[in-house]
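Below is one structure, written out as structure tokens; comments come after it.
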Amino acid sequence: MAAKKNVRSYGNHAAYVHGSAVRKTMPANRPVHTPEEVRRPNVNHRVRRNREKALQMDLPYVLMLTAAVVCTLFLCVKYLHLQSSITTNIHQIEIHEAQLEKLRTENNALEMSINTSVDLDHVYKVATEELGMVYAQKGQILHYDKTESEYVRQNEDIPKH
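Heads up, the sequence shown is in our numbering, so the first residue is 1 and it goes up one at a time.
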């Protein structure tokens with residue numbers, strides 16, 4: 001009545017017997033290795049010396065590493081300062097834009113109130129009745145082209161036709 005046994009070894013763990021019977025633990029059969037048997041492959045003396053030298057941190061390496069860390073830290077602080085300055089400037093621009101928009105709105109409102117407060121009929125009445133002004137006749141208006149410059153000087157002579 002012996003069942004077929006399957007024995008498996010998992011490192012330091014005991015092996016189990018699998019079959020139709022109840023499982024029982026058994027000690028694992030593991031070969032014992034001595035430290036002399038577990039050796040690293042032969043390493044060349046130069047390679048070993050280079051590895052040891054690479055693991056050491058000498059003074060020039062530490063100084064170079066310290067200088068690099070200081071430079072990096074300085075650049076990070078400078079970057080944060082510039083970023084803060086840019087954010088402050090953007091905020092100030094937004095405040096000034098809001099003030100400009102408010103002033104434009106007030107200016108448009110004042111201009112509209114000025115335009116609506118001026119009565120053009122009253123201006124015409126005062127100009128014609130009190131000041132004696134009249135509209136210009138058709139022959140009194142002279143048109144001329146000035147090609148020398150874009151603006152007109154008031155002290156220049158008007159050309160005659």
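C-beta: ideal position from N, C-alpha, C; glycine also.
Could you spell out where the alpha helix (DSSP H) holding residue i opens and where it closes?
i      : result
MET66  : The sequence given here has Thr at residue 66, not Met. Segment 59 to 117, the alpha helix (DSSP H) holding THR66.
GLU129 : Where GLU129 is concerned, there is no enclosing alpha helix (DSSP H), given that its DSSP letter is neither H nor E.
ALA136 : Neither: ALA136 is in no alpha helix (DSSP H) and is coded neither H nor E.
ASN50  : 45 to 55
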